[in-house]
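**Q**
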Amino acid sequence: MRIHMITQTLLSLGQKVIATARNIDRIRDIEQAGAAIMTVDVTWSPEKLKEVATNAIEVYGRVDYLINNAGYTCQGAIEEVSHQETYDIFNTNVFGVLNVTRSFLPHYRQRRSGGIIIISSTASRWYHSGITIYSATKAALSSLGEGLKAEVEPLGIKVLTIDLGHFRTPALKRDTNLKRAAQVITDYKPINGWFEEYVEKKVGNEPNDPKLGVLRVIEIITQSGMATGREVPARILLGADGKEPFVKMCRDTVKQIEEWSDVICSTSY
43 MRIHMITQTL
53 LSLGQKVIAT
63 ARNIDRIRDI
73 EQAGAAIMTV
83 DVTWSPEKLK
93 EVATNAIEVY
103 GRVDYLINNA
113 GYTCQGAIEE
123 VSHQETYDIF
133 NTNVFGVLNV
143 TRSFLPHYRQ
153 RRSGGIIIIS
163 STASRWYHSG
173 ITIYSATKAA
183 LSSLGEGLKA
193 EVEPLGIKVL
203 TIDLGHFRTP
213 ALKRDTNLKR
223 AAQVITDYKP
233 INGWFEEYVE
243 KKVGNEPNDP
253 KLGVLRVIEI
263 ITQSGMATGR
273 EVPARILLGA
283 DGKEPFVKMC
293 RDTVKQIEEW
303 SDVICSTSY
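43 is the number of the first residue of the sequence shown in my numbering; add one for each residue after it.
#1: Determine the DSSP secondary structure at Ala276, reduced to helix, strand or coil.
#2: For Ile131 and chain B, any beta-carbon pair shorter than 8 Å?
#3: Closest to Leu280 by C-alpha separation, out of Leu206, Pro249, Gln225, would be which residue?
#4: State the beta-bridge partners of Asn250 as determined by DSSP.
#5: Given a cut-off of 8 Å, decide if Cys307 and Ala223 are closer than it, judged by their beta-carbon atoms.
#6: Taking the C-alpha atoms as reference points, what is the distance between Ile175 and Ser162?
#7: Starting from Asn97, trace the alpha helix (DSSP H) both ways and give me its first and last residue.
#8: Could you give the DSSP three-state label for Arg222: helix, strand or coil?
#9: To the nearest angstrom, report how far apart Thr73 and Gly189 are at their CA atoms.
#10: Within this structure, are the beta carbons of Ala95 and Ile60 separated by less than 8 Å?
#11: Tell me, please, which residues DSSP counts as bridged to Thr62.
#12: Checking the sheet assignment: what are the DSSP bridge partners for Tyr107?
#13: Per DSSP, which residues does Val201 bridge with? Please list them.
#14: What does DSSP give as the partner residue(s) for Cys116 in the beta ladder?
#15: Glu248 and Phe288: beta carbons closer than 8 Å?
#16: Based on the DSSP secondary-structure assignment, which residues constitute the bridge partners of Ser310?
#17: Can the beta-carbon of Tyr230 be found closer than 8 Å to that of Ala119?
#18: Please name the residue, chosen from Arg70, Tyr169, Pro88, that lies closest to Thr143 on a Cα-to-Cα basis.
#19: Look at the alpha carbon of Lys253 and the alpha carbon of Ile48, and state the distance between them as a whole number of angstroms.
#20: Near Val274, what residues of its chain come up, given a Cβ to Cβ distance below 7 Å and the 5 sequence neighbours on each side ignored?
#21: Check this for me: beta carbons of Ser177 and Arg277, under 8 Å apart or not?
#22: When the Cα of Phe132 is compared with those of Gln298, Arg153, Thr179, which residue comes out closest?
#23: By alpha-carbon positions, which one of Ile109, Gly113, Met80 ends up nearest to Asn65?
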């Protein structure tokens, strides 16, 4: 989700916001709108990110909710994406989120309150040809979010992982949020061609409104609005385009288990 939309929605609800970006000039307008801003690169060392957390907490005296929204997509078949390109996307999409989250956990443990939001993707639940490495980062991230909730919920800390569908944001914008592997292998042209056509059709026609998406995330983590009276789930889809594919995947999984039940249960003592 776009940082400007998240910030604007929070400010409109009367919340105090600290917005971050690698290039702080990109968010100067957010500062003018009333938010505090900071330069942060989630791939910085854990030690430097701990300093960032300390500085952020000092701005308003506390940080109630952390929104992990950093990430990008790398297009290419597994063989095309180099080791360095694979490390780089995991470093941002997974290790960066882990290190930022670890930096704030002592603050939340001390207060016995707070909330951590992890923005993941429906790609974590089923792979997309042409961006398998990206799907792997989101699968790892969503699993980590579920595990983190189990670890820290007894300490009064909420954790919510959101598997986003397609929202009308620059998420599929070339060179910034969508990068292409440097290596191109002709045999994988059908896979990459399919994905490029998919992106071309999808950009500008995404079915979900990012403003409503931000609002729903806030309502779920604060158990307000449409989430009033409901428990905060460990992980939830957001976006109507994700519902039916996931329901089908669940049905297919149950069908496979039933068909292979004799094999699955054949290894017991």
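Glycine included, every Cβ here is placed at the ideal spot set by N, Cα and C.
**A** So, from the data block:
#1: Ala276 carries a coil assignment under DSSP once its states are collapsed to helix, strand and coil.
#2: In summary, chain B is missing from the structure at hand, where a single protein chain is found.
#3: Ranking Leu206, Pro249, Gln225 by Cα distance to Leu280 puts Leu206 first.
#4: Paired residues: Phe209.
#5: In this structure, Ala223 lies away from Cys307, with their beta-carbon atoms at least 8 Å apart.
#6: 14 Å
#7: 88–102
#8: strand
#9: Checking the sequence, you will find Glu at residue 73 rather than Thr. Cα to Cα, Glu73 sits roughly 35 Å from Gly189.
#10: no
#11: Met80
#12: In the DSSP output, where bridge partners are listed per residue, Tyr107 has Gly157.
#13: Ile158
#14: Lys221
#15: no
#16: Paired residues: none, contrary to the question.
#17: yes
#18: Pro88
#19: 8 Å
#20: Lys200, Leu202, Ile262, Ile263, Gln265
#21: no
#22: Thr179
#23: Met80
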